[in-house]
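Below is one structure, written out as structure tokens; comments come after it.
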Amino acid sequence: MLRIGLIRHGKTDWNGLGKIQGQTDIPLNSEGIRQAQALAYRLLHEPMKWDAVVSSNLSRAVETARIVADTLGIPLLPGDARLRERFYGEIEGTTEPERQAKWGPNWKRCDCGQENDASVRERSLAFVEEAAAAVPARNLLVVTHGSLLAQLLQAMCADLTDKPIHNLSFSIMEREGAAWTPLLHNCTLHLEQLQQS
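Below, the structure written as structure tokens:
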């Protein structure tokens with residue numbers, strides 16, 4: 018049985034400004050580092066144990082993964098480009114008001130060079146299938162990005178909604194045979210505890 022823990026990277030300055038990051042390489046900010054530490058602490062004290070962590074090769078995901086790996090004392094595997102965020106073309110680096118001003122209220126329908134859903138699903142599922150074939154009985158943490166996670170989770174289990182995936186949210190998918198079952202979805206309990214402290 019394979020379990021994959023899916024993590025969205027911690028907060029960046031562009032998250033705070035409402036800018037679409039896509040494949041632009043933006044590092045974690047201090048809040049994002051604290052968020053990653055909070056999740057790592059949570060994972061350290063939960064009964065489920067993890068064997069390794071892998072991330073996209075963008076710095077915000079690598080930094081998040083490194084904090085988790087160091088805290089749990091597990092291997093940090095090399096970053097994988099298939100786990101990168103969706104490429105957003107001309108939209109990368111813009112805020113909602115900037116998008117509205119440049120492309121109008123229906124900017125999401127514009128062809129601005131962004132990667133389509135099918136491409137995002139194909140490359141993220143290729144990574145998951147390769148991981149499942151390589152070591153079918155392990156618990157693997159995967160640190161990646163919001164839009165990719167939304168597509169991947171729906172591809173793995175059609176019952177999951179396409180609601181936004183929160184920064185440093187945690188989801189767990191379990192595979193037995195060919196079927197994936199969600200054990201946890203878009204959970205941010207560790208962030209709520211961080212805000213209370």
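Throughout, our numbering is defined as the position within the sequence shown, counted from one, plus 17.
Just so you know, even glycine gets a beta-carbon here, dropped at the ideal spot from N, CA and C.
Residues of its chain near Leu60, where Cβ-Cβ distance is below 7 Å and the 5 sequence neighbours each way are ignored
Trp67, Val85, Leu89, listed in sequence order.
Cα-Cα separation between Arg25 and Glu107, rounded to whole angstroms
In a straight line, the C-alpha of Arg25 is about 23 Å away from that of Glu107.
Just how far apart, CA to CA, sit Cys127 and Ile37?
So the two alpha carbons sit approximately 15 Å from each other.
Have a look at the DSSP bridge pairing and note the partners of Ser188.
DSSP output for Ser188 lists Leu23 as bridge partner(s).
Among the residues of its own chain, which have a CB less than 8 Å from the CB of Ala143, if the five just before and after it don't count?
Excluding sequence neighbours, Ala143 sits near Arg99.
Scan the region 115-200 and note each continuous beta strand (DSSP E) run of 3 residues or more that stays entirely inside, going in chain order.
Here the runs fully enclosed are 156-161, 187-193.
Contact between the region 105-123 and the region 189-199: three or more CB pairs below 8 Å?
Result no; under three Cβ-Cβ pairs closer than 8 Å.
Any idea if His62 is buried or exposed, counting beta-carbon neighbours within 10 angstroms, 16 or more meaning buried?
Label assigned to His62: exposed.
Could you check the C-alpha separation between Cys129 and Asn32 for me, to the nearest Å?
Distance between the alpha carbons of Cys129 and Asn32: 21 Å.
May I have the straight-line CA-CA distance separating Asp30 from Leu45, to the nearest angstrom?
The straight-line gap separating the alpha-carbon atoms of Asp30 and Leu45 is approximately 7 Å.
Going by beta carbon distance, what residues of the same chain come within less than 6 Å of Ala53, once the five residues before and after it are set aside?
Closer than 6 Å at Cβ, skipping near neighbours: Gly27, Thr81, Ile84.
Would you kindly work out how many angstroms separate the C-alpha atoms of Arg101 and Ser73, rounded to a whole number?
The alpha-carbon atoms of Arg101 and Ser73 are separated by roughly 5 Å.
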